[in-house]
Amino acid sequence: MSFLELNKVTKIYPNGTKAVHETSMNVENGEFMVFVGPSGCGKSTLLRMIAGLEDITEGNINLDGILINKVDPSERDVAMVFQNYALYPHMNVYNNLAYGLKNRGISKEDIEKKVNEAAKLLQISEYLQRKPSMLSGGQRQRVAMGRAIVRSPKIFLFDEPLSNLDAKLRIQMRLEIKKLQQKVGVTSIFVTHDQVEAMTLADRLAVINNGLIEQLGTPIEIYNNPKSMFVAGFIGSPQMNFLEGELKNKTLTSEGFEINNVTSDFNGPVILGIRPEHMSQTDKGLINLSVDLVEQLGSDNLIYGEIKNKKDFCFRCSGSQIIKKGSKLSLNINDNNYYVFDKSNGNRVN
Amino acid sequence: MIRYFSSNFSHLILLIGIFIMIIPVWLIFASSTHTASIINTQGLQFFLGDKFLENYTKVLLYEGGFFKEITALKMFLNSFLMATGVAFVSVISSLMTAYVLVYFRVKYATLLFWIIFITILVPLELRIFPTYSVMSTLNLVNSYWGLIIPISASAIATLFFRQFYKTIPDELLESAKLDGANTWRFFIDFLVPLSKTMIVAMFIFMFVFGYNQYLWPILVTSSEQYWTVVMGLKMMSGSIVNKFAFVIMSMIPPVLIIIVLQKYFIKGIFQDK
Ligand SMILES: Nc1ncnc2c1ncn2[C@@H]1O[C@H](COP(=O)(O)OP(=O)(O)OP(=O)(O)O)[C@@H](O)[C@H]1O
Ligand SMILES: [Mg+2]
Numbered sequence: 001m002s003f004l005e006l007n008k009v010t011k012i013y014p015n016g017t018k019a020v021h022e023t024s025m026n027v028e029n030g031e032f033m034v035f036v037g038p039s040g041c042g043k044s045t046l047l048r049m050i051a052g053l054e055d056i057t058e059g060n061i062n063l064d065g066i067l068i069n070k071v072d073p074s075e076r077d078v079a080m081v082f083q084n085y086a087l088y089p090h091m092n093v094y095n096n097l098a099y100g101l102k103n104r105g106i107s108k109e110d111i112e113k114k115v116n117e118a119a120k121l122l123q124i125s126e127y128l129q130r131k132p133s134m135l136s137g138g139q140r141q142r143v144a145m146g147r148a149i150v151r152s153p154k155i156f157l158f159d160e161p162l163s164n165l166d167a168k169l170r171i172q173m174r175l176e177i178k179k180l181q182q183k184v185g186v187t188s189i190f191v192t193h194d195q196v197e198a199m200t201l202a203d204r205l206a207v208i209n210n211g212l213i214e215q216l217g218t219p220i221e222i223y224n225n226p227k228s229m230f231v232a233g234f235i236g237s238p239q240m241n242f243l244e245g246e247l248k249n250k251t252l253t254s255e256g257f258e259i260n261n262v263t264s265d266f267n268g269p270v271i272l273g274i275r276p277e278h279m280s281q282t283d284k285g286l287i288n289l290s291v292d293l294v295e296q297l298g299s300d301n302l303i304y305g306e307i308k309n310k311k312d313f314c315f316r317c318s319g320s321q322i323i324k325k326g327s328k329l330s331l332n333i334n335d336n337n338y339y340v341f342d343k344s345n346g347n348r349v350n
Numbered sequence: 351m352i353r354y355f356s357s358n359f360s361h362l363i364l365l366i367g368i369f370i371m372i373i374p375v376w377l378i379f380a381s382s383t384h385t386a387s388i389i390n391t392q393g394l395q396f397f398l399g400d401k402f403l404e405n406y407t408k409v410l411l412y413e414g415g416f417f418k419e420i421t422a423l424k425m426f427l428n429s430f431l432m433a434t435g436v437a438f439v440s441v442i443s444s445l446m447t448a449y450v451l452v453y454f455r456v457k458y459a460t461l462l463f464w465i466i467f468i469t470i471l472v473p474l475e476l477r478i479f480p481t482y483s484v485m486s487t488l489n490l491v492n493s494y495w496g497l498i499i500p501i502s503a504s505a506i507a508t509l510f511f512r513q514f515y516k517t518i519p520d521e522l523l524e525s526a527k528l529d530g531a532n533t534w535r536f537f538i539d540f541l542v543p544l545s546k547t548m549i550v551a552m553f554i555f556m557f558v559f560g561y562n563q564y565l566w567p568i569l570v571t572s573s574e575q576y577w578t579v580v581m582g583l584k585m586m587s588g589s590i591v592n593k594f595a596f597v598i599m600s601m602i603p604p605v606l607i608i609i610v611l612q613k614y615f616i617k618g619i620f621q622d623k
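Following this line, the structure appears as structure tokens:
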């Protein structure tokens, strides 16, 4: 039995919106699970059902062997970090952390010990007497984390906690959250729509689309082996290139080139997906790219250009290579790293 | 430059307003320190006389009414009890009503709220006979509760608290819930401290409202024991200077309550920032 089990969980809002469809999944003890997907796909809804903040329309949720469908959120022993932190504005940082402990009837000395420990871990000891309004965004973020950690709950839930921070702080906090989770070892679920956050934080990743889990797996599994066009396009940056094509008797024809011996029995219109980093320059390559734009990131160059009818085709190469706008490149796909999807439903066929 | 001018200008307007309001009060106060004969022959006085102590002690201890059962001191006590009672009961009841309307899954909460709100259009004076009969059935005629309860349901205060609660983000309730707060704790630990400033403001408002009641206390009390200051203003017999002295004293409690509570009021505003 897993630590957290979702069994055919469905959510239909009173206004008829079906936000989550029959979702089933397991989260193991100590695991860091990330829900990733575009805006409005139902990530928050799923998380809030686990927290008990939304009713479950159908299905079951088990936490630590207990069916929690009807358990009040205050009794579930879960902690949540909200996007806007939801700190208690009238309490100082110390009381923000202590509040949940007080409600559990823990003695004053124990509370003080736990709060001080958590504050030290998060480096907010010097702000304990301040009100949240006197803290910076990053410090508030830490307080919100501290409030979750101090209670040592069964599970941490994060709903896009980093999206209010600036880019640099976001990367820093991302690292700290991961480190902290490894140190504390509490099972965590993290919701984000940022695929980089998802890839870097997750032990396992659930890519959600329209209220359905499209794929569940480790980040690298999902990156290497996306099951659908949606997942392939969502995970990986810059995005995978998609080309229209036709697959017939294991031969794929697309935008002026052919790939033979495709490992698929599918026949019909397909979409060919190639990641920008899975190509390299050769003399007589498959793909002929005329360069429109070069983005120099320092370590890498992102080359955008045209191949036959396809605009904005992206190719990634080392930053040391100097490529000029208007030049023509000849590219090959490395090690057959390409993906073929059924055009009608987006399912992977190779 | 413009700011300098406009702030001076607004000060000027404020000063004019203060004068218009202060001068009559001062005239009554100055007159109340003279003998009655001076007022009767020479009219209102602008400068202080020498009968301050004499007139004021006489008023405070004078036994008024038909049966000589009531002194001004007792009237002050009655008024104070009534005003504080009204302020407490109405603040607490409207805090809780607003809590239920905003946070509980009450069917037709908005409709209910508007029904409560409509009572503003039906002041006590309009429903005075049914209210009296309710109070007499409850045996509350001639009692402090009889003075307090009928005017303690405040739609205005409920409106203010409701609008304020609606501005509190849902996440606050949600994270409080996850922190183990039940319904009661959320009210006590969150809503009450967060609306502190508004509670004080409403308390002042309702205190003055209760203190100023006239018609209702007259109806619901037949015993002189329950006379209030505002009733006393009308019922008071005695010479004109004594009446003046009583008028001046009757203004003190509301002013005092504002001065005392204003500190908390302002402190609250600054802390919230
Ligand atoms: N209270 C509600 N009543 C009705 N529909 C809702 C409610 N809350 C959310 N929805 C709908 O449910 C769907 C899923 O919403 P949800 O908030 O879970 O999305 P999300 O994946 O968290 O998106 P985002 O990344 O923008 O936060 C959306 O279509 C949304 O419009
Ligand atoms: Mg969301």
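Those sequence lines, one after another, are chains D and V. Take the first sequence: its position 335, counting from 1, is numbered 335 in my numbering, and each next residue is one higher. Take the second sequence: its position 192, counting from 1, is numbered 542 in my numbering, and each next residue is one higher. Even for Gly, the Cβ is constructed at its ideal location relative to N, Cα and C.
- Think of a sphere of 7 Å around the beta carbon of residue 82 (chain D): the chain V residues whose beta carbon falls inside it are 521 and 525, in chain order.
- Judged by their CB atoms, residue 289 (chain D) and residue 273 (chain D) are not nearer to each other than the 8 Å cut-off.
- The beta carbon of residue 450 (chain V) is closer than 7 Å to those of 456 in its chain, skipping five residues each way along the sequence.
- Counting along the chain, the unbroken alpha helix (DSSP H) around residue 462 (chain V) starts and ends at 459-468.
- Under the three-state reduction of DSSP output, residue 580 (chain V) falls in the helix class.
- Listed along the chain, the chain D residues whose CB falls inside 9 Å of the CB of residue 531 (chain V) are 74, 99, 100 and 103.
- In the DSSP assignment, residue 405 (chain V) falls within the unbroken alpha helix (DSSP H) covering 402-411.
- Rounded to whole angstroms, the Cβ separation of residue 263 (chain D) and residue 332 (chain D) is 18 Å, and the two are not in contact under 8 Å.
- If you measure from each CB to the nearest heavy atom of ligand 2, the residues under 7 Å come out as D:43, D:44, D:159, D:160 and D:191.
- Checking the 7 Å criterion, the Cβ of residue 23 (chain D) is out of range of every heavy atom belonging to ligand 1.
- Assigned with DSSP and collapsed to three states, residue 59 (chain D) falls in strand.
- Residue 497 (chain V) is outside the set of residues whose beta carbon lies under 8 Å from a beta carbon in chain D.
- About 13 Å separates the beta carbons of residue 177 (chain D) and residue 157 (chain D), which is beyond the 8 Å limit, so they are not a contact pair.
- In this structure the region 161-169 of chain D does not touch the region 198-208 of chain D; the number of beta carbon pairs closer than 8 Å is below three.
- Using a Cβ distance threshold of 8 Å, residue 409 (chain V) and residue 595 (chain V) count as a contacting pair.
- Not a single C-beta of chain V is nearer than 8 Å to the C-beta of residue 122 (chain D).
- Using a CB distance cut-off of 8 Å, residue 53 (chain D) counts as an interface residue toward chain V.
- Taking the CA atoms as reference points, residue 144 (chain D) sits about 30 Å from residue 220 (chain D).
- With a 10 Å radius around the Cβ and a threshold of 16 neighbouring Cβ atoms, residue 563 (chain V) comes out buried.
- Counted as a single uninterrupted DSSP element, the beta strand (DSSP E) harbouring residue 212 (chain D) occupies residues 212-217.
- Beta-carbon to beta-carbon, residue 47 (chain D) and residue 207 (chain D) are separated by about 15 Å, too far to satisfy the 8 Å threshold.
- For residue 362 (chain V), there are no CB contacts under 6 Å within the same chain when 5 residues up- and downstream are skipped.
- Beta-bridge partners assigned by DSSP to residue 246 (chain D): D:253 and D:269.
- By the Cβ rule, the region 581-601 of chain V does not count as touching the region 438-450 of chain V, because fewer than three pairs are nearer than 8 Å.
- In terms of Cα proximity to residue 120 (chain D), the closest of D:180, D:105 and D:234 is D:180.
- In this structure, the beta-carbon distance from residue 142 (chain D) to residue 122 (chain D) falls below 8 Å.
- Against chain V, the CB of residue 118 (chain D) has no partner CB under 8 Å away; the residue lies outside that interface.
- DSSP, read as helix, strand or coil, puts residue 13 (chain D) in coil.
- Going by beta carbons, residue 370 (chain V) and residue 590 (chain V) fall outside the 8 Å limit.
- Rounded to whole angstroms, residue 175 (chain D) and residue 169 (chain D) show a C-alpha spacing of 10 Å.
- Distances between the C-beta of residue 13 (chain D) and the heavy atoms of ligand 1 include at least one below 7 Å.
- Under the 8 Å criterion on CB atoms, residue 455 (chain V) is classed as non-interfacial with respect to chain D.
- For the region 262-344 of chain D, the full-length beta strand (DSSP E) segments reaching 3 residues or more read 268-274, 279-281, 287-296, 300-307, 310-318, 328-333 and 339-342 along the chain.
- Following the DSSP letters along the chain, one finds residue 25 (chain D) inside the beta strand (DSSP E) bounded by residues 18-27.
- Taking 7 Å as the cut-off, one finds at least one heavy atom of ligand 1 near enough to the beta carbon of residue 193 (chain D).
- Taking a beta-carbon distance threshold of 8 Å, residue 541 (chain V) does not count as an interface residue toward chain D.
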